[in-house]
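Asks: What the sequence shown shows, in the working numbering, is residues 3 to 335, in sequence order. Just so it is clear, CB atoms sit at the ideal spot from N, CA and C, and this is done for glycine as well. Just so we're clear, the structure is a prediction, and the values are computed from it rather than from any experiment. Shown below is the structure under consideration.
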Amino acid sequence: MKQLLKTLTETLAPSGYEDAVREIILKEVNPLADEVRVDALGNLIIRKKPTKSSKNPKKIMLAAHMDEIGVIVSHLDKKGFVRFTNVGGAFGRYTLGARVRFLNGVTGVVGYDRLEQIDNLLPINKMYIDVGATSKENCPVKVGDIAAFERSFIEMGDRLVAKSLDDRAGVTVLIETLRALKSTPNDLYFVFTTQEEVGTRGAGAAAFGIEPEIGIAVDVTPTGDTPASIKMVMELGKGPCVKFRDVGMISDPRVVDWMIQAAEKAKIPYQREVLLIGSSDAKEIQISRAGVKTGALSIPVRYVHSASEMVDLNDMKNSVKLLTAMLGKPVSV
Ligand code: CO
Ligand code: ZN
3 MKQLLKTLTE TLAPSGYEDA VREIILKEVN PLADEVRVDA LGNLIIRKKP
53 TKSSKNPKKI MLAAHMDEIG VIVSHLDKKG FVRFTNVGGA FGRYTLGARV
103 RFLNGVTGVV GYDRLEQIDN LLPINKMYID VGATSKENCP VKVGDIAAFE
153 RSFIEMGDRL VAKSLDDRAG VTVLIETLRA LKSTPNDLYF VFTTQEEVGT
203 RGAGAAAFGI EPEIGIAVDV TPTGDTPASI KMVMELGKGP CVKFRDVGMI
253 SDPRVVDWMI QAAEKAKIPY QREVLLIGSS DAKEIQISRA GVKTGALSIP
303 VRYVHSASEM VDLNDMKNSV KLLTAMLGKP VSV
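Here you go:
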């Protein structure tokens with residue numbers, strides 16, 4: 003699982019440009035799939051059919067987003083400094099000083115206009131990317147070129163650090179769940195979605211096409227367990243989080259009950275999640291077509307949307323266990 007997570011997080015795939023990561027996922031899941039489809043938005047849709055003897059298979063959509071936050075060139079100045087804007091939630095405080103890599107392979111470092119004002123807020127429209135150019139003419143990137151953080155994966159015991167753990171951690175958990183499920187009485191759609199970071203766009207289109215009865219997003223959740231962080235109960239290493247609420251949705255209580263009962267029966271540690279910032283693909287699945295009973299399983303992650311997000315490997319393993327326990331049996335939600 004660690005090797006897969008390393009490969010996935012070291013791949014560059016900002017919102018709208020998910021091809022590279024989709025190829026890697028496809029290689030992993032192809033041998034495990036009954037049907038494979040890529041829709042117009044680039045969502046990778048993997049179906050695992052119910053066993054023939056299954057009486058009342060439930061159509062369940064699982065979603066983990068493949069894309070990551072990034073930056074996009076808005077203009078170049080005379081000296082070849084690259085001005086940019088955000089793609090998704092790239093915050094100034096995490097972007098300054100970062101290295102970024104463009105899809106064409108060009109790398110750059112992010113600088114700030116007025117270093118003496120560094121202790122004030124850090125809006126990214128006061129930043130630029132220095133790609134080593136000396137003029138507009140020899141600048142190796144153009145307006146519209148897109149980049150994301152450049153950072154390698156590191157291990158600190160069970161704590162793993164990488165860029166784009168949001169949501170490659172979720173992608174890894176879905177792949178490992180598909181691998182662990184030998185057979186299922188349910189009709190399962192594992193969807194690796196696009197453009198979550200710019201407004202959960204891929205998941206809505208995918209859900210419309212699939213028309214599931216039940217939806218579950220697998221994404222990360224920020225924690226409240228670092229010094230002076232905002233007050234939230236989620237902690238690293240205490241198990242997967244069963245979402246009750248975030249800024250975009252109220253989880254369906256029937257789905258919440260299903261998740262909690264499965265965790266308690268299988269003795270898998272879990273946490274209750276009320277998230278004060280952000281949302282996930284689940285909000286889009288829930289309100290697609292005439293509505294879908296939807297919940298979310300979240301993997302606790304520190305430093306979300308920085309170039310060094312941190313996850314606990316045990317939370318990922320327990321997420322796989324919980325999903326496998328939930329999906330391997332008939333569902334009465
Ligand atoms: Co995110
Ligand atoms: Zn996410």
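#1: So what does DSSP say about K319, is it helix, strand or coil?
#2: Buried or exposed, going by whether 16 or more other CB atoms sit within 10 Å of the CB of I48?
#3: Report the start-end ranges of each beta strand (DSSP E) in the region 97–161 that is 3 residues or longer and not cut off at the edges.
#4: Which term fits A42, buried or exposed, when burial requires 16 or more other beta carbons within 10 angstroms of its beta carbon?
#5: Could you tell me if the beta carbon of V222 falls within a distance shorter than 7 angstroms of some heavy atom in the ligand ZN?
#6: G91: beta carbon under 7 angstroms from a heavy atom of the ligand CO?
#7: Here's a check: name, in chain order, each residue in its chain whose Cβ is nearer than 8 angstroms to the Cβ of I1, leaving out the five neighbours to either side.
#8: Tell me, please, which residues DSSP counts as bridged to L46.
#9: Counting along the chain, where does the beta strand (DSSP E) carrying K8 start and finish?
#10: When you compare the CB positions of V175 and S321, do they come within less than 8 angstroms of one another, or not?
#11: So, using beta-carbon positions, are L6 and E30 closer together than 8 angstroms?
#12: First and last residue of the alpha helix (DSSP H) that includes T174?
#13: Going by the beta-carbon positions, is the gap between R95 and V111 smaller than 8 angstroms?
#14: Answer with buried or exposed for P33, where buried requires no fewer than 16 other C-beta atoms within 10 angstroms of its C-beta.
#15: DSSP on V83, reduced to helix/strand/coil?
#16: Does the beta carbon of D168 fall short of 7 angstroms from some heavy atom of the ligand CO?
#17: Just checking H67 against the ligand ZN - is the residue's beta carbon closer than 7 angstroms to any of the ligand's heavy atoms?
#18: DSSP state of G293, grouped into three classes?
#19: Please tell me whether, using a cut-off of 7 angstroms, the distance from the CB of H77 to the nearest non-hydrogen atom of the ligand CO is below it.
#20: Apart from the five residues on each side of it in sequence, which residues of its chain come closer than 7 angstroms, Cβ to Cβ, to N316?
#21: Which residue wins for smallest C-alpha separation from D21, given the options T196, T202, A209, H307?
#22: From what residue to what residue does the alpha helix (DSSP H) around K51 run?
#23: From what residue to what residue does the alpha helix (DSSP H) around L207 run?
#24: Go ahead and label R304 buried or exposed: buried means 16 or more other beta carbons lie within 10 angstroms of its beta carbon, across all protein chains shown.
#25: With C-beta atoms as the reference, is V294 less than 8 angstroms away from E198?
#26: Shortest alpha-carbon distance to A219 belongs to which of V173, P332, T53, K165?
#27: Alpha carbon to alpha carbon, what distance is there between F246 and I252?
#28: Taking 7 angstroms as the cut-off, is the CB of E198 close to at least one heavy atom of the ligand ZN?
#29: Please decide whether V112 counts as near chain C, where near means a Cβ-Cβ distance under 8 angstroms.
#30: Using 7 angstroms as the cut-off, classify the Cβ of S282 as near or not near the heavy atoms of the ligand ZN, replying yes or no.
Replies: Once the coordinates are examined:
#1: Counting from one through the sequence shown, the residue named residue 319 turns up at place 317. K319 falls in the helix class under three-state DSSP.
#2: Residue 48 sits at position 46 when you count from the first residue of the sequence shown. Buried, because 16 or more other Cβ atoms sit within 10 Å of the Cβ of I48.
#3: 101–104, 109–114, 129–132, 148–151, 156–158
#4: Stepping through the sequence shown from its first residue, residue 42 is reached at position 40. With fewer than 16 Cβ atoms within 10 Å of its Cβ, A42 is classed as exposed.
#5: Taking the sequence shown and counting its residues from 1, one reaches residue 222 at position 220. Yes, the Cβ of V222 comes within 7 angstroms of a heavy atom of the ligand ZN.
#6: As a working note, residue 91 is residue 89 in the sequence shown. Correct: G91 has its Cβ closer than 7 angstroms to the ligand CO.
#7: Missing from the structure shown is residue 1; the chain here goes from 3 to 335 and no further.
#8: Residue mapping note: residue 46 aligns to position 44 of the sequence shown, counting from 1. In DSSP, L46 forms a bridge with V40, F194.
#9: In the sequence shown, the residue the question calls residue 8 occupies position 6. Run containing K8: none in the beta strand (DSSP E); it sits in the alpha helix (DSSP H), 4–11.
#10: Along the sequence shown, read from residue 1 onward, the residue named residue 175 stands at position 173. Along the sequence shown, read from residue 1 onward, the residue named residue 321 stands at position 319. Yes, they are a contact pair.
#11: Taking the first residue of the sequence shown as 1, we reach residue 6 at position 4. Taking the first residue of the sequence shown as 1, we reach residue 30 at position 28. Contact flag set, yes.
#12: Counted from its first residue, the sequence shown places residue 174 at position 172. Unbroken alpha helix (DSSP H) run through T174: 167–182.
#13: Reading the sequence shown from its first residue, position 93 is the one you call residue 95. Reading the sequence shown from its first residue, position 109 is the one you call residue 111. Going by C-beta atoms, R95 is not nearer than 8 angstroms to V111.
#14: Numbered from its first residue, the sequence shown carries residue 33 at position 31. P33 is exposed by the Cβ-count criterion.
#15: As a position in the sequence shown, residue 83 is number 81, starting the count at 1. Residue 83 is actually Phe in this sequence, not Val. Three-state DSSP puts F83 in coil, outside helix and strand.
#16: Along the sequence shown, read from residue 1 onward, the residue named residue 168 stands at position 166. Yes, since a heavy atom of the ligand CO falls inside the 7 angstroms radius drawn around the Cβ of D168.
#17: Position 65 of the sequence shown holds residue 67. It does: the Cβ of H67 is within 7 angstroms (strictly closer) of some heavy atom of the ligand ZN.
#18: Residue mapping note: residue 293 aligns to position 291 of the sequence shown, counting from 1. Reduced to three states, the DSSP call for G293 is coil.
#19: Sequence index remark: in the sequence shown, residue 77 carries index 75 (1-based). The answer is no for H77.
#20: Reading the sequence shown from its first residue, position 314 is the one you call residue 316. Correct list, in chain order: D160, G239.
#21: Translated into the one-based positions of the sequence shown, residue 21 becomes position 19. Of the candidates T196, T202, A209, H307, the one whose C-alpha sits nearest the C-alpha of D21 is T196.
#22: Mapped onto the sequence shown, residue 51 falls at position 49. Premise fails: K51 is in no alpha helix (DSSP H) and is neither H nor E.
#23: Taking the first residue of the sequence shown as 1, we reach residue 207 at position 205. The question names Leu, but residue 207 in the sequence shown is Ala. Per DSSP, A207 belongs to the alpha helix (DSSP H) from 203–212.
#24: For this step, residue 304 is matched to residue 302 along the sequence shown. With 16 or more other Cβ atoms within 10 Å, it is buried.
#25: Position 292 of the sequence shown, counted from the start, is the residue given in the question as residue 294. Position 196 of the sequence shown, counted from the start, is the residue given in the question as residue 198. Result no, Cβ atoms of V294 and E198 do not sit closer than 8 angstroms.
#26: On the sequence shown, residue 219 is found 217 positions in, with the first residue counted as 1. Measuring from the Cα of A219, the nearest candidate turns out to be V173.
#27: As a position in the sequence shown, residue 252 is number 250, starting the count at 1. As a position in the sequence shown, residue 246 is number 244, starting the count at 1. Their backbone Cα atoms lie some 6 angstroms apart in a straight line.
#28: Locating residue 198 in the sequence shown gives position 196, counting from the first residue. Yes, the Cβ of E198 comes within 7 angstroms of a heavy atom of the ligand ZN.
#29: Reference to chain C is not applicable here, since this structure consists of a single protein chain.
#30: Translated into positions along the sequence shown, residue 282 becomes position 280. It does: the Cβ of S282 is within 7 angstroms (strictly closer) of some heavy atom of the ligand ZN.
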